[in-house]
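Engineer: The structure under discussion is supplied below as structure tokens; questions concerning it will follow.
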Amino acid sequence: GAGVSQSPSNKVTEKGKDVELRCDPISGHTALYWYRQRLGQGLEFLIYFQGNSAPDKSGLPSDRFSAERTGESVSTLTIQRTQQEDSAVYLCASREPGTGRNNEQFFGPGTRLTVL
Amino acid sequence: LAKTTQPISMDSYEGQEVNITCSHNNIATNDYITWYQQFPSQGPRFIIQGYKTKVTNEVASLFIPADRKSSTLSLPRVSLSDTAVYYCLVGDTTNNAGNMLTFGGGTRLMVKP
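Just so you know, the protein sequences line up as chains D and R, in that order. With the working numbering as the guide, the letters of the first sequence map in order to residues 683 to 798. With the working numbering as the guide, the letters of the second sequence map in order to residues 5 to 117.
Right under this line is the structure:
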């Protein structure tokens, strides 16, 4: 079946503008994660959705960052008033309900955000 | 969350066995050890997971000593296509906490011809 998809694949924006990044998880995956990866760095956890539970927002770096998820499907990550330091690849991952197969996270290809 | 330490980079040659060791001194009882692989311009993908002793699959082996304070990912007979970043993660996969698995900086493996 289809994997995790993300759009757009690339986004170039001007400092101060708002951006919305989209993630379509694998159908049936109740858990969804957003990560940020700066050039040459590891992954930085941002936010986690699990079913109807309150999302774990502990990784969001500032109040300019927010995310929503519609039921157990699409999620959008919104960055308001973008700054140059927001430039990074934003990765989305989804996971099966419960512990799943080894609790494996399936990643999308990412959205490369460049803030000029 | 257990902190992990792994080498920043490693070089190898085609056909060699590569062993990447990860330290996780404060691993908890419920924590599992998971390794992911990330190619350039792609998201990470799961390689292998273990709790103790040895785990082997079609891609790699994972060796975990009795004290579980470290683990070693072993890639047999690497090829150029194994050039990637390898992440060691330690966390409790039995709960649903979002930040249960934290990706560190990873190890950049460069396989040379």
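Think of the CB as a built atom: it goes at the ideal place given N, C-alpha and C, for glycine as much as any other residue. Just so it is clear, the structure is predicted and the values come from calculations on it, not from any experiment.
Can you round the beta-carbon distance between residue 90/R and residue 24/R to whole angstroms, since I take them to be within the 8 Å contact cut?
Structural biologist: Indexing the second sequence from 1 puts residue 90/R at position 86. Indexing the second sequence from 1 puts residue 24/R at position 20. Right, the Cβ-Cβ distance comes to about 6 Å (below 8 Å), so this counts as a contact.
Engineer: Does any CB atom of chain D fall closer than 8 Å to the CB of residue 46/R?
Structural biologist: Along the second sequence, read from residue 1 onward, the residue named residue 46/R stands at position 42. Interface residue, yes.
Engineer: Which same chain residues, not among the five before or five after residue 746/D, have their C-beta less than 7 Å away from its C-beta?
Structural biologist: Numbered from 1 along the first sequence, position 64 holds the residue referred to as residue 746/D. 761, 762, 763.
Engineer: Buried or exposed: where does residue 36/R fall if 16 or more other Cβ atoms within 10 Å of its Cβ makes it buried?
Structural biologist: In the second sequence, the residue the question calls residue 36/R occupies position 32. So residue 36/R counts as buried.
Engineer: Can you list the residues of chain D that residue 19/R reaches, using a CB-CB cut of under 9 Å?
Structural biologist: On the second sequence, position 15 is the one that residue 19/R refers to. Per Cβ cutoff of 9 Å: no residues; residue 19/R is ~28 Å from chain D at best.
Engineer: For the region 723 to 738 of chain D, list every residue whose C-beta sits within 9 Å of some C-beta in chain R, in sequence order.
Structural biologist: Against chain R - using a Cβ distance shorter than 9 Å - the residues of the region 723 to 738 of chain D are 723, 724, 725, 726, 727, 729, 730, 731, 732, 733, 735, 737, 738.
Engineer: Check each residue of the region 43 to 74 of chain R: if its Cβ is closer than 9 Å to any Cβ of chain D, include it; give the result in chain order.
Structural biologist: Correct list: 45, 46, 47, 48, 49, 50, 52, 53.
Engineer: Name the one or two DSSP bridge partners that residue 771/D has.
Structural biologist: Looking up residue 771/D in the first sequence gives position 89. Looking at the DSSP assignment, residue 771/D forms a beta bridge with 719/D, 794/D.
Engineer: Once DSSP output is grouped into helix, strand and coil, what is the label at residue 13/R?
Structural biologist: In the second sequence, the residue the question calls residue 13/R occupies position 9. Reduced to three states, the DSSP call for residue 13/R is strand.
Engineer: Should residue 115/R be labelled buried (16 or more other beta-carbon atoms within 10 Å of its own) or exposed?
Structural biologist: Position 111 of the second sequence holds residue 115/R. With 16 or more Cβ atoms within 10 Å of its Cβ, residue 115/R is classed as buried.
Engineer: Could you name the residues of chain D that residue 91/R contacts, counting a contact when the two beta carbons are closer than 9 Å?
Structural biologist: Position 87 of the second sequence holds residue 91/R. Correct list: 724, 725.
Engineer: Suppose you measure from the CA of residue 791/D to the CA of residue 73/R; what does that come to, to the nearest Å?
Structural biologist: Position 109 of the first sequence, counting from 1, holds the residue named residue 791/D. Position 69 of the second sequence, counting from 1, holds the residue named residue 73/R. Those two C-alpha atoms are separated by around 32 Å.
Engineer: Where do the N-terminal and C-terminal ends of the beta strand (DSSP E) with residue 68/R fall, by residue?
Structural biologist: As a first step, residue 68/R is located in the second sequence; it is residue number 64 there, counting from the start. Its beta strand (DSSP E) spans residues 65 to 68.
Engineer: With DSSP collapsed to three states, give me the class of residue 700/D.
Structural biologist: Taking the first sequence and counting its residues from 1, the one referred to as residue 700/D is at position 18. In the structure shown, residue 700/D sits in coil (DSSP, three-state: anything other than H, G, I, E or B).
Engineer: What does DSSP give as the partner residues of residue 109/R in its beta bridges?
Structural biologist: In the second sequence, the residue the question calls residue 109/R occupies position 105. None; residue 109/R has no bridge partner.
Engineer: Note down, in chain order, each residue of its chain lying with its Cβ closer than 8 Å to the Cβ of residue 766/D, except the 5 sequence neighbours on either side.
Structural biologist: Along the first sequence, read from residue 1 onward, the residue named residue 766/D stands at position 84. Counting only Cβ-Cβ distances below 8 Å, and skipping sequence neighbours, we find 697, 797, 798.
Engineer: Between 695/D, 724/D, 684/D, 723/D, which has its C-alpha nearest residue 705/D's C-alpha?
Structural biologist: Working through the first sequence from its first residue, we reach residue 705/D at position 23. If we check each option's Cα against that of residue 705/D, 684/D comes out closest.
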